[in-house]
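Undergrad: Quick one: this structure, given as structure tokens, is what I'll be asking you about.
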Amino acid sequence: MPNSTFLPAKLAALTLLAMPSAALAQLPEPVRAMIDAAIATGDETKVRNVIDIARTTNPDDGSELDQLLAGFETKLAAANAAEAAAKEDAIRSAGLFENWSGQGELGAFMSSGNADNTGITASLALTKDGINWRHKLGARADYQRSQGVTTREQFLANYELNYKFTDRLYAYGLAQYERDRFQGFSARYSASGGLGYDVLTDGPTLSVKAGPAWRRTELIGGASTNDLAGLAALDFDWAISDNLALTQDASTFIQSGSSTFTSDTGLQASISEAVSVRLSYTIEHDTDPPAGAVKTDTLSRITVIYGF
């Protein structure tokens, strides 16, 4: 949805596109009216198609048609420049709580591994994309009680800050908190910084990042570990059709102790402009988990997503 803060600038510039030039009066009136109507839409493809038809039916008026097209392109470029400038100004002047977008997710899951059960899941993902900086906030909770006993309790929260060197290359800083007592730890803190690159930007999108990391794990028994690690991650999104999308997120923390690999694969179908349904399958593998915990947990979710 267009940002209301810069729409007036675009609309003001586009009004010029519909104004006929008094100096050009050789075309037949019906043809001229058809071209003016196309120009009023601001649709470049439509204007070019109409002018191409006019060239066929009025071959002697090519010079006038060239002037009409050139005038339209000049005014359209000015309108687009005004819109871009207004949009950039709105981004630069946005307050701390402005220009955030994201999605909330709520649903159910089935798990296998450390616990075989069903339960509820909820998550929130927020992004603020600026001129040079990008902020990402995320949180997820999976929880279940069965006959008064908690059988799954997993929480995750993270914050990532990006600085854009170019349209594709960026530096990142990541802070993350996890809690999962069924995997044997009451808290796990991770921090990482490094470089990221948007490999694909048109059609399917793919972003990768990697860098050194530090992890502190506080075990249920009271012991704790501090480890240097390396982080590698990817984020892949593919809009298969207007209403169907495939997502794949994967990350791995590699360290001398227990390394962790996480993969989340999802298929998302749109119900409306803001609401969609998602089926996903998550794998989390720890190479050396605490005693009593299995190495691999899997989680199948079905959720409803609301985007804003």
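So the sequence shown is numbered by this note's numbering: it starts at 22 and just counts up by one.
Heads up, the beta-carbon is just placed ideally off N, CA and C, and yes, glycines get one too.
As the structure is a prediction and not an experimental result, all values here were calculated from the model.
Could I get the ranges of all uninterrupted beta strand (DSSP E) runs contained in the segment 242-319, with 3 residues as the minimum, in chain order?
TA: Runs of the beta strand (DSSP E) inside the segment 242-319: 245-260, 265-276, 281-291 and 296-307.
Undergrad: Going by CA-CA distance only, name the one from 313, 260, 281 and 307 that's closest to residue 15.
TA: Past the edges of the chain, shown from 22 to 329, lies residue 15, and the structure says nothing about it.
Undergrad: How long is the line joining the alpha carbons of residue 290 and residue 297, rounded to whole angstroms?
TA: Whole-angstrom Cα-Cα distance: 5 Å.
Undergrad: For residue 66, does the count of other Cβ atoms within 10 angstroms reach 16, so buried, or fall short, so exposed?
TA: Looking at its Cβ environment, which holds fewer than 16 other Cβ atoms inside 10 Å, residue 66 is exposed.
Undergrad: Which partner residues does residue 161 have in the DSSP bridge list?
TA: 144 and 177, per the DSSP bridge assignment.
Undergrad: Would residue 310 and residue 284 qualify as a contact pair, given that the criterion is a beta-carbon distance under 8 Å?
TA: Not a contact, by the Cβ cut-off of 8 Å.
Undergrad: Our contact map puts residue 234 next to residue 211 with C-beta atoms below 8 Å; I'd like the distance itself, whole angstroms only.
TA: The pair is a contact, with the Cβ atoms about 6 Å apart (cut-off 8 Å).
Undergrad: Within 10 Å of its beta-carbon, does residue 312 have 16 or more other beta-carbons around it, so buried, or fewer, so exposed?
TA: Result: exposed.
Undergrad: From the DSSP output, which residues share a beta bridge with residue 228?
TA: Answer is 219 and 256, bridged to residue 228.
Undergrad: Could you tell me which residues DSSP puts in a beta bridge with residue 197?
TA: Beta-bridge pairing links residue 197 to 179 and 211.
Undergrad: Might you give, ordered along the chain, the residues of its own chain that have their beta carbon closer than 6 Å to the beta carbon of residue 155, omitting 5 neighbours on each side?
TA: Closer than 6 Å at Cβ, skipping near neighbours: 183.
Undergrad: Restricting to runs no shorter than 4 residues, where is the alpha helix (DSSP H) found entirely within the segment 51-132?
TA: If we require 4 residues or more, the alpha helix (DSSP H) runs fully inside the segment 51-132 come out as 65-78 and 83-113.
Undergrad: Going along the chain, which residues of its own chain have a beta-carbon closer than 6 Å to the beta-carbon of residue 315, five neighbours each way excluded?
TA: Only 134 and 135 meet the Cβ criterion.
Undergrad: For residue 152, list the residues DSSP reports as bridge partners.
TA: The partner list for residue 152 (beta bridge, DSSP) is empty, contrary to what the question assumes.
Undergrad: Compare the Cα-Cα distances from residue 206 to each of 239, 304 and 171 and report the closest residue.
TA: Answer by Cα proximity: 239.
Undergrad: Among the residues of its own chain, which have a CB less than 6 Å from the CB of residue 199, if the five just before and after it don't count?
TA: Correct list, in chain order: 177 and 209.
Undergrad: Drop a sphere of 10 angstroms on the beta-carbon of residue 94, count the other beta-carbons inside from all chains shown, and report buried for 16 or more, exposed for fewer.
TA: With fewer than 16 Cβ atoms within 10 Å of its Cβ, residue 94 is classed as exposed.
Undergrad: Identify which residue in 249, 189 and 69 has its Cα closest to the Cα of residue 92.
TA: Nearest option by C-alpha distance: 69.
Undergrad: In or out: residue 323 buried (at least 16 other Cβ within 10 Å) or exposed?
TA: Exposed.
Undergrad: From residue 228 to residue 96, what does the alpha carbon distance come to, in whole angstroms?
TA: If you take the alpha carbons of residue 228 and residue 96, they lie about 36 Å apart.
Undergrad: Measure from the alpha carbon of residue 171 to the alpha carbon of each residue in 266, 116 and 140, then state which is nearest.
TA: Checked all of 266, 116 and 140; the closest Cα to residue 171 is 140.
Undergrad: Mapping the DSSP letters down to three states, classify residue 189 as helix, strand or coil.
TA: Coil at residue 189, not helix or strand.
Undergrad: Alpha carbon to alpha carbon, how far is residue 317 from residue 100?
TA: In a straight line, the C-alpha of residue 317 is about 55 Å away from that of residue 100.
Undergrad: Considering only residues of the same chain and omitting the five flanking positions on each side of residue 153, which have a CB-CB separation below 7 Å?
TA: Counting only Cβ-Cβ distances below 7 Å, and skipping sequence neighbours, we find 184 and 185.
Undergrad: CA-CA distance, residue 272 and residue 263?
TA: Roughly 28 Å separates the two Cα atoms.
Undergrad: Could you tell me whether the Cβ atoms of residue 124 and residue 302 are closer together than 8 Å?
TA: Contact: no.
Undergrad: Hey, out of 80, 143, 230 and 166, whose CA is closest to residue 160's CA?
TA: Per the Cα distances, 143.
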